[in-house]
Amino acid sequence: MPAVIWQQPNRAPAGNVRVLHVTAEVYPQVKTGGLGDIAAALPTALLSQGVDARLLVPGYPAIIDNLEEVGLVADLGSLMGAARVRVLHGRLKESGLTAYVVDAPWYFRREGNPYLGPDHRDWSDNIRRFALLGWVGAHLAWGDIDAWWQADILHAHDWHAGLAPVYLSLNPVRRVKSVFSIHNLIYQGLFPLEEAPGLDLPPHILRPGVSRSLEYYGHGSFMKGGLVFADWLSTVSPRYAYEITTPEGGAGMQGVLLERRERLSGILNGIDETVWDPQTDPLISANYGIHDLGRKVENKTRMQQELGLTVDPNRMLAVMISRLTNQKGADLVLQALPKMRELGIQLALLGSGDAHLQDAFRKAAEEAPDQVAVCIGYDERLAHRLIGAGDLILVPSRFEPCGLTQMYGLRYGTLPLVCKVGGLADTVTEYLDGQPSNGFVFQGGQISGLIDALERAAALWWHDRSGWEWRMRTAMEARHGWGPSAAEYLSLYQRLLGEWQ
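Here the sequence shown stands for residues 1 to 501, numbered as in full-length UniProt numbering.
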C-alpha cells in the first residue's frame with residue numbers, strides 16, 4: 001500500500017463502534033432511488049447513538065463539488081484500469097456526514113446518471129468502477145489507507161458495493177466484520193466472467209460449483225458476492241426478508257438466501273421525521289398537525305387550483321409519486337382511472353419512467369384535465385406539496401422491498417393505498433373487523449384488487465368522514481423515524497463483534 005499522505009485523528013470517543021458504509025449514492029448529492037436516502041439517514045441516526053459512522057462514496061462531480069474540509073488521504077496510483085486513484089476525506093454539505101471519496105476521474109467524473117451513459121445503457125466499465133469502490137472499501141476498513149482510522153464493521157449497500165465483503169474475506173485475520181444490505185434484489189450487478197481477471201480476485205471464487213463463488217449461471221454477480229461472503233445479511237423490511245427466500249421473490253437468488261437465512265435480518269427503513277413533518281414543512285402551503293387537521297384542506301384546494309383540477313374541498317384527491325413502471329403498479333392505476341372518475345376521485349401524479357406509460361397518463365390528463373393532472377419528472381418541492389395536499393396516496397407496487405412514500409403519507413395523514421408486499425405490508429394495515437387501520441390494502445397485484453380497495457376508500461370518504469379522520473389520526477400517531485432501526489443495526493453490529501470473543 002502507498003504511504004498515507006494526509007492524516008486525521010480519530011474524533012470519536014474510544015470504544016465506539018466504527019462503521020464504514022460503502023455506497024454508490026448518498027442524498028442529496030447523488031440519488032436515483034431510495035438507496036441515496038438510506039445512505040444518508042442511517043449513518044446520521046447511528047451517529048446519534050454513539051456510532052462512529054462514515055461513508056465511502058465514488059467521486060462523482062456532485063460529490064466532489066459538495067465536499068468540505070477536504071484532505072488527501074492517499075494516492076493509490078493506477079488501479080483497476082484507472083490511470084490515477086486518490087482517496088479524499090471531508091464532510092458532505094447539508095448532511096455534514098464524514099465521507100471518504102474514491103477520486104478516480106476516469107471512472108467517476110462523468111455527468112448524468114451514476115450507472116447509465118447518454119444512450120441510457122449501462123456504462124461499459126461499471127464492473128471495474130464498482131469493483132474499485134469495493135476494493136478501496138476493504139483496504140480502508142483494514143486501516144491500510146487512513147492510518148488514523150479503521151473500521152470494526154464494513155456495511156456494504158446493494159450490488160454496487162457487493163465486492164467489498166469479497167475483498168474483505170480474502171484476508172480473514174484482519175478483524176473487520178461485514179454486513180451486506182439488500183435494497184433491491186432485482187439488480188444483481190452481472191458481468192462476463194472473462195472480464196474478471198482485472199478485478200484482483202483469486203480464480204477459485206469465480207468457478208461454478210464452488211459453494212463460495214461469485215459465479216451465477218455463467219456470469220459473475222456482485223450481488224451474489226455480497227450474499228455469499230458477508231458475515232451478515234440485512235434487507236429493508238421484515239416481509240421482504242421472507243419474500244426473497246421464495247421462488248416468487250428471490251430473483252433466482254433464493255437458494256443462496258435460504259442457505260443463509262439464519263444470518264439474514266429484515267430491518268425496516270425509516271424516514272427523516274425532521275424533513276417530513278407537516279407541522280413544520282416549509283414546502284407546503286399550510287402547516288398542520290394531528291390536532292388541527294382542518295388546515296390540511298388548504299393544501300388541497302391550493303394544489304387543485306394550481307394543477308387545473310376542479311377546486312372542491314369535498315372531492316377526494318389521490319396522489320401518486322412514483323417511477324412509472326409495471327413493477328410500481330403504474331399500469332394498474334392507468335386501468336383504474338375510469339373507475340376513479342366514477343367514484344369522484346381526482347388524481348395528481350408526479351413521476352417518470354416507461355415512455356408508453358408516460359404517454360398514456362398524459363393522454364388521460366388531456367381527456368379529463370379537471371380530474372387528472374400529470375407532471376412528468378421529479379421535483380422535491382412538488383412531492384412535499386402533493387403529499388400535504390392529498391387525501392389518498394397510491395403505492396400499488398407489485399413488489400416493494402421497503403418503500404418510503406407510504407411512510408411519508410402516514411406522517412402527513414394522507415392515507416396510503418398499497419399492495420400487500422414487502423415493506424408496504426409491514427407499515428400499512430387495513431382491518432375490516434373494526435380494529436385501528438391506517439390505510440387501504442389489496443393483495444395479488446391485480447386490477448380487481450386495486451378497484452376493490454378504491455371502492456372501500458370512496459365508501460369511507462363519502463359516507464363516514466369521521467371514520468376517515470380516525471384513520472388519519474391512527475396514521476399520524478405512528479412513528480417511522482430512523483431511531484428504532486438504527487438501534488437494531490447497532491445491536492447487529494455488536495452481536496457480530498461479539499463473535500470475536
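No residue lacks a Cβ here, since even glycine has one placed at the ideal position from N, Cα and C.
Considering only the beta carbon of each residue, do residue i and residue j sit closer than 7 Å?
i	j	result
S397	G329	yes
V87	Y107	no
L350	L382	yes
V30	G59	no
Q346	L309	yes
V26	G36	yes
T424	Q443	The sequence given here places Leu at residue 424; Thr does not occur at that position. Against a cut-off of 7 Å, the Cβ pair of Q443 and L424 comes out as no contact.
E194	I127	no
G289	G225	no
F440	R456	yes
A131	M80	yes
W268	A241	Rather than Trp, the amino acid found at residue 268 in this sequence is Leu. Not closer than 7 Å, so no.
W159	G134	no
D125	R239	no
Y408	W276	yes
L450	A336	yes
Looking only at its chain, what residues have a beta carbon closer than 6 Å to the beta carbon of residue i, apart from the 5 residues adjacent to it on each side?
i	result
H155	V19, H21 and V179
W482	A41, A45 and G270
M1	Residue placement at M1 cannot be trusted, given a pLDDT of 40 that sits under 50; the coordinates are not used to answer.
P313	V297 and T301
Y489	none
L227	V256
A251	L185 and I186
E353	According to the sequence shown, residue 353 is Gly rather than Glu. Excluding positions up to five away in sequence, the list reads R323, L324 and T325.
M472	G413
D69	According to the sequence as given, residue 69 is Glu; it is not Asp. Cβ neighbours of E69 beyond the five flanking positions: G90 and R91.
P192	none
V136	V102
A62	Q29 and V30
V374	L349, F361, R362 and A365
V311	T301, Q304 and Q305
Count the other C-beta atoms from every protein chain shown that fall within 10 angstroms of the C-beta of residue i, then say buried if there are 16 or more, exposed otherwise.
i	result
V173	exposed
L170	exposed
H89	buried
V428	buried
G390	buried
W462	exposed
D65	exposed
P203	exposed
K93	exposed
P118	exposed
E499	exposed
Q494	exposed
G112	exposed
L201	buried
D433	exposed
P9	With a pLDDT of 41 at P9, under the threshold of 50, the modelled position of this residue cannot be trusted, and the question is left open.
S485	buried
G220	buried
P13	Here the model assigns P13 a pLDDT of 46, short of 50, so the residue's position is not dependable, and the following value carries that caveat. Answer is exposed; the Cβ neighbour count stays below 16.
State the beta-bridge partners of residue i as determined by DSSP.
i	result
Q346	L317
P58	V102
E68	R91
E215	G220
S178	L154
L190	S221
G266	T235
G353	L324
G77	V85
I393	V319 and P416
H21	L55 and H155
Spatial neighbours of residue i within its chain, please: CB distance less than 7 Å, with the 5 preceding and 5 following residues excluded, ordered by chain position.
i	result
R261	T245
R207	S213 and E215
R11	Note that R11 scores 44 on pLDDT, short of 50, meaning its location in the model is unreliable; the coordinates nonetheless yield the value given after this. Nothing meets the Cβ criterion.
E430	S437, G439, F440 and V441
P43	H21, A53, L55 and L97
R341	A368 and Q371
Assuming residue i contacts residue j (C-beta within less than 8 Å), just tell me the rounded distance between them.
i	j	result
Q304	L317	7 Å
G422	G403	7 Å
G266	S237	5 Å
D152	L497	6 Å
A147	L168	At roughly 18 Å, the Cβ-Cβ gap does not stay under 8 Å, so A147 and L168 are not in contact.
A475	L417	About 12 Å; that fails the 8 Å criterion.
Q327	F399	6 Å
To which residues of the same chain is residue i closer than 8 Å at the C-beta, ignoring the five residues directly before and after it?
i	result
D379	L350
Do we get a CB-CB distance below 7 Å when we pair residue i with the residues of chain C?
i	result
N16	Reference to chain C is not applicable here, since this structure consists of a single protein chain.
Is the beta carbon of residue i within less than 6 Å of some heavy atom of the ligand ZN?
i	result
T310	Ligands displayed in this structure: none; no statement on the ligand ZN is therefore possible.
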